[in-house]
Each structure stands twice: as C-alpha cells, then as structure tokens.
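Asks: In this note's numbering, the protein residues as written are 153 to 551. Glycine is no exception: its CB is placed at the ideal position from the N, C-alpha and C atoms. What you are looking at is a predicted structure, and each value in this text was computed from that prediction instead of being measured. Please read through the structure below; I'll follow up with questions.
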Ligand code: UD1
C-alpha cells in the first residue's frame with residue numbers, strides 16, 4: 153500500500169510522528185514490502201524553530217517532497233499549496249492520503265485529492281483525516297472552516313474524543329466512515345514524556361525544581377508557561393492588550409515564561425508592546441514575578457519539559473489544552489470556546505474568555521485547583537497503531 157502523508161505547520165509534526173513510527177515498525181518487524189510511505193512537507197512553516205527542530209526531536213524522516221510554499225494570505229497560501237500538491241499527487245498516485253489537524257495545508261491537500269483523477273476510471277486516493285470531528289462552532293476561526301471542509305472531503309475520519317462522533321453525525325457524515333481511535337498527539341506526548349527530562353531548558357532559564365531562581369540562586373516563585381498566537385488574540389492591538397492586562401494576576405504570583413510564535417513577535421513589535429515583557433537578552437536567567445519573559449519558540453522536547461513542570465499553563469493553542477490535560481497540569485485557555493471539550497469536562501482546562509476581568513477571575517480559581525489525573529478515553533498511546541490497522545484493511549485504489 154502506498155501511503156502519502158502531509159505536514160505543513162508546527163502542530164502537524166507531533167500528530168504524524170507516531171503514524172510514521174507505526175509504519176516503520178510494521179515494515180521492519182512484519183512485511184518489509186507492505187507499505188511505501190511518502191512524506192510531503194508543504195512548507196507552511198519554514199523557520200528552523202517552527203519546523204526543522206521538530207524533525208530532529210521527533211526522529212522524523214526528511215520529507216520526500218518539499219513544496220516550499222511559505223507564508224501568505226489564507227487564499228494565496230492555500231492556492232499555492234493546492235497547485236503544487238496536485239503535481240505531486242499525480243506523480244506518486246498513492247492509495248491513501250493522510251492529512252492531520254486543521255491548518256491550511258490540511259484542507260488544501262484534502263481538496264486536491266478529492267477532485268483528482270489518476271486515470272479515465274476516476275481513481276483517486278482514499279482521504280484519511282486524523283483529528284476529525286472537532287468543532288468550536290466559531291466560524292470566524294480559520295481552523296474551524298478547515299475542519300468542517302476537510303471532514304466533508306474525507307473517506308476515513310479518525311476521531312480523538314467522543315464529541316467528534318456527535319459532531320460528525322450531526323453533519324451527516326456516514327457512521328461507517330468514522331473511527332474513534334484516540335489522539336496521535338498524545339501518542340507522541342507519552343512516547344517522549346520521559347525523554348523530555350533530558351532537556352537543559354529548566355537550567356537555561358533558572359527554573360530549578362519548577363521554581364524560578366534569581367541571579368544569586370535564590371528561589372523567587374513557581375513558574376507559569378504562556379503561549380499566544382491566535383489571530384483573534386494577537387492581531388488586534390486592543391484585544392492583545394486586554395489579554396496582557398488580564399495576565400497580571402498570573403504574573404503577580406508566578407514567574408512567566410513566554411516562548412513567542414513569530415506571528416506574535418511581529419505584532420508585539422508593530423503594536424509597540426515591548427514594555428510588557430522582559431527582553432530575552434540571555435544575560436540574566438532570573439524571571440521576576442510581575443513580568444513576562446519572552447524567549448524564542450522552543451523545540452518539542454524543551455517545550456514538553458517546561459510544560460511538565462509548570463504550575464500553570466496559559467494558552468490559546470488547541471493541542472496544549474490536550475497535552476496539559478494528559479500531564480495533569482492546570483491550563484487556562486484564553487479563548488471563548490474550545491473544539492476540545494473533553495479537556496474541560498474531564499481534564500485540567502478552564503475556558504477563561506478574552507476579557508481582562510474574566511482572565512483574572514479564571515486565573516485566580518485555576519491557580520488553586522487540584523485535579524484527579526484521569527486521561528480521556530483512548531488517550532493511551534495507541535491511536536496511531538489503530539489508525540494504521542484501519543488503513544491497511546482498506547481496499548487499494550489500484551486493485
Ligand atoms: C498556523 C495554523 C494554526 C496553528 C499554528 C501553529 C492555519 C490557518 N493556522 O497558524 O491553526 O495553530 O499554525 O503555529 O493554518 N511565520 C514565520 N515563520 C514560520 C511560520 C510563520 O515567521 O515558520 C510567521 C509569518 O509572518 C506568517 C505568520 O507567522 O505570516 C503566520 O503563519 P501562518 O502559517 O500563516 O499561520 P500561524 O499563525 O502560524
């Protein structure tokens with residue numbers, strides 16, 4: 153069976169990694185000729201820190217094909233991926249195309265595959281969507297549109313949590329296409345959880361034992377980890393400011409570490425918001441409370457190490473809500489909604505909203521909560537193996 157998988161942006165890498173591992177195992181331990189795998193990188197993310205470092209940390213093979221699309225408006229980025237991917241699909245003619253998550257690369261490649269024809273009989277690859285069925289019900293989010301469209305285009309829909317089953321049934325997706333398999337991002341988390349302890353990031357930032365220390369080695373405060381990159385939160389100056397002021401509750405009690413996404417760094421500069429942060433001048437590891445220390449985006453292992461030991465994580469990311477739930481680390485999500493409700497109903501996540509008073513309130517309550525640590529159903533490290541079993545049981549398009 154010829155399987156092609158597509159990655160494009162940072163969160164895709166940890167979702168595809170365990171599938172590639174499962175393919176490697178099956179071909180080395182089982183039938184070496186059973187699967188031919190082709191990895192395509194669209195180039196949606198291209199910086200070393202947003203892409204290459206993940207290939208190294210996650211032991212991913214170099215992509216077989218790199219489309220090199222880079223940044224652009226939604227339309228131009230999506231169109232560029234589609235035009236370039238069509239030629240790749242026609243050349244390799246895979247039996248199955250695997251797309252993951254909800255980024256522009258996901259929907260662009262699914263749409264090309266849904267309309268392609270490898271010959272006069274109209275043969276095309278089966279389209280498999282990993283992380284299907286998640287819905288925020290907020291169509292102003294580009295990812296929500298990407299999710300809905302990708303699910304409509306897919307032949308096999310691999311669902312991470314039970315809400316996905318309900319959402320897909322409501323949208324009329326036939327039940328026989330849908331498989332509740334668990335979460336490949338959590339497969340990766342469980343596979344690398346121990347190895348993350350080898351990271352030097354805590355020492356580099358003066359965070360011994362989860363506590364920030366000052367220059368003379370004295371403990372200052374426990375630390376919090378912050379990430380922000382949603383366009384709705386960082387592309388509008390007033391919205392961004394509201395969030396920063398809401399975060400003062402956290403910064404009063406904690407030393408806050410903030411690995412900054414390139415999009416967010418550009419906005420901080422453009423909006424003149426530098427004064428809200430300690431610069432990352434590298435000369436002093438101390439992070440005083442009351443301020444937020446910006447650092448460059450981190451690789452997978454460094455970030456996981458920081459997340460594991462943080463007393464609280466504040467984020468607007470999707471995947472981090474799931475990872476903190478699995479790690480039992482309290483999470484404050486700076487959004488009005490989540491497409492991952494299981495992280496709130498049975499995890500460690502709380503939806504804070506985006507207004508300063510609401511963020512302060514959520515921070516206060518979350519800082520003093522305790523959790524029983526029970527992973528959501530099927531978040532057990534075996535999602536990728538379940539996915540591969542299902543893929544291998546499909547009839548091949550060229551048979
Ligand atoms: C994309 C995904 C989002 C995901 C996020 C993770 C879409 C619609 N959005 O958002 O779902 O949560 O990735 O990071 O697909 N940039 C760089 N270097 C890079 C990549 C981006 O400097 O390697 C800068 C560019 O200025 C670019 C901006 O970041 O214009 C935004 O990048 P883009 O891929 O368009 O969207 P993200 O905000 O990263």
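Which residues in the same chain have their Cβ closer than 6 Å to the Cβ of residue 550, if we skip the five residues on either side of it in sequence?
Replies: Here the question's residue 550 lines up with position 398 in the chain shown. At residue 550, the pLDDT of 47 sits below 50, so the modelled position is not reliable; the number obtained from the coordinates is stated separately. Hits under 6 Å: none found.
Asks: Rounded to whole angstroms, what is the Cα-Cα separation between residue 288 and residue 424?
Replies: For the purposes of this step, residue 288 is taken as the residue at position 136 of the chain shown. For the purposes of this step, residue 424 is taken as the residue at position 272 of the chain shown. Their backbone Cα atoms lie some 31 Å apart in a straight line.
Asks: What is the DSSP secondary structure of residue 540, reduced to helix, strand or coil?
Replies: Here the question's residue 540 lines up with position 388 in the chain shown. Reduced to three states, the DSSP call for residue 540 is helix.
Asks: List the residues that DSSP assigns as beta-bridge partners of residue 164.
Replies: Counting from one through the chain shown, the residue named residue 164 turns up at place 12. Answer is none; residue 164 lacks a bridge partner.
Asks: Quickly, what does DSSP pair residue 364 with across the bridge? List them, please.
Replies: Numbered from its first residue, the chain shown carries residue 364 at position 212. Answer is 373, bridged to residue 364.
Asks: Quick test of the definition: if touching needs 3 or more C-beta pairs under 8 Å, does the region 508-518 touch the region 303-312?
Replies: They do not touch, by the three-pair rule.
Asks: Measure the CB-CB distance between residue 439 and residue 407 and report whether it falls below 7 Å.
Replies: To locate residue 439, count along the chain shown from 1; it is residue 287. To locate residue 407, count along the chain shown from 1; it is residue 255. For residue 439 and residue 407, yes; Cβs fall inside 7 Å.
Asks: Please output, in chain order, the residues near ligand 1 using a CB cut-off of less than 7 Å to any non-hydrogen atom of the ligand.
Replies: My final list is 161, 162, 163, 196, 197, 198, 199, 202, 203, 223, 226, 229, 254, 255, 256, 257, 294, 295, 298, 381, 383, 413, 414, 415, 418, 469, 470.
Asks: Of all the options 471, 267, 245, which has the alpha carbon lying nearest to the alpha carbon of residue 234?
Replies: Mapped onto the chain shown, residue 234 falls at position 82. Out of 471, 267, 245, 267 has the C-alpha closest to the C-alpha of residue 234.
Asks: By DSSP, does residue 301 sit in helix, in strand, or in coil?
Replies: Indexing the chain shown from 1 puts residue 301 at position 149. Here residue 301 sits in helix by DSSP.
Asks: Using only CA atoms, which one of 536, 491, 521 lies nearest to residue 318?
Replies: On the chain shown, residue 318 is found 166 positions in, with the first residue counted as 1. Closest option to residue 318, Cα to Cα, is 491.
Asks: On the criterion of 16 or more Cβ atoms from any shown chain inside 10 Å, does residue 321 qualify as buried, or is it exposed?
Replies: The count along the chain shown starts at 1 and reaches residue 321 at position 169. The residue in question, residue 321, is exposed, as its Cβ has fewer than 16 Cβ neighbours within 10 Å.
Asks: What do you get for residue 199, buried or exposed, if any count of 16 or more other CB atoms within 10 angstroms of its CB means buried?
Replies: Taking the first residue of the chain shown as position 1, residue 199 is located at position 47. With fewer than 16 other Cβ atoms within 10 Å, it is exposed.
Asks: Could you tell me whether the Cβ atoms of residue 154 and residue 232 are closer together than 7 Å?
Replies: By one-based count along the chain shown, residue 154 stands at place 2. By one-based count along the chain shown, residue 232 stands at place 80. No, they are not a contact pair.
Asks: Assess contact between the region 381-388 and the region 341-352, defined as three or more Cβ pairs (one per stretch) separated by less than 8 Å. Is contact present?
Replies: Touching, no.
Asks: Closer than 8 Å by C-beta to residue 216: which residues in its own chain qualify, once you throw out the five before and the five after it? Chain order, please.
Replies: As a first step, residue 216 must be located in the chain shown, where it is residue number 64. Within the same chain, residue 216 has close Cβ partners 190, 191, 192.
Asks: Going along the chain, which residues of its own chain have a beta-carbon closer than 7 Å to the beta-carbon of residue 518, five neighbours each way excluded?
Replies: Start at 1 with the first residue of the chain shown, and residue 518 comes out as number 366. Here the set comprises 464, 482, 484, 502.
Asks: Please list, in chain order, all residues of the same chain as residue 399 whose beta carbon is under 8 Å from its beta carbon, the five residues on each side excluded.
Replies: What you label residue 399 is simply residue 247 of the chain shown in a count that begins at 1. Once the five neighbours on either side are set aside, the close Cβ partners of residue 399 are 378, 408, 444, 466, 511, 515.
Asks: Tell me which residue opens and which closes the beta strand (DSSP E) that residue 257 is part of.
Replies: As a first step, residue 257 is located in the chain shown; it is residue number 105 there, counting from the start. It is not in any beta strand (DSSP E) - residue 257 instead sits in the alpha helix (DSSP H) that spans 256-267.
Asks: List the whole-angstrom C-beta distance separating residue 309 from residue 325, where the pair is believed to meet the contact cut-off of C-beta under 8 Å.
Replies: As a first step, residue 309 is located in the chain shown; it is residue number 157 there, counting from the start. As a first step, residue 325 is located in the chain shown; it is residue number 173 there, counting from the start. Right, their Cβ atoms sit about 6 Å apart.
Asks: Could you give the residue range of the beta strand (DSSP E) that holds residue 189?
Replies: Translated into positions along the chain shown, residue 189 becomes position 37. Per DSSP, residue 189 belongs to the beta strand (DSSP E) from 188-193.
Asks: Since residue 336 contacts residue 472 with CB under 8 Å, what's their CB separation in whole angstroms?
Replies: Along the chain shown, read from residue 1 onward, the residue named residue 336 stands at position 184. Along the chain shown, read from residue 1 onward, the residue named residue 472 stands at position 320. Not quite, the Cβ-Cβ distance comes to about 16 Å (not below 8 Å), so this is no contact.
Asks: Grouping DSSP H, G and I as helix and E and B as strand, with all else coil, what is residue 345?
Replies: Here residue 345 refers to the residue found at position 193 of the chain shown. Coil.
Asks: Please state whether DSSP places residue 529 in a helix, a strand or coil.
Replies: Indexing the chain shown from 1 puts residue 529 at position 377. In the structure shown, residue 529 sits in coil (DSSP, three-state: anything other than H, G, I, E or B).
Asks: Anyone know if the C-beta pair for residue 277 and residue 249 falls short of 7 Å?
Replies: Taking the first residue of the chain shown as 1, we reach residue 277 at position 125. Taking the first residue of the chain shown as 1, we reach residue 249 at position 97. Cβ atoms of residue 277 and residue 249: closer than 7 Å.
Asks: Of the choices 360, 427, 284, whose alpha-carbon is the least far from that of residue 393?
Replies: Within the chain shown, the letter at position 241 stands for residue 393. When each option's Cα is compared against that of residue 393, the closest is 427.
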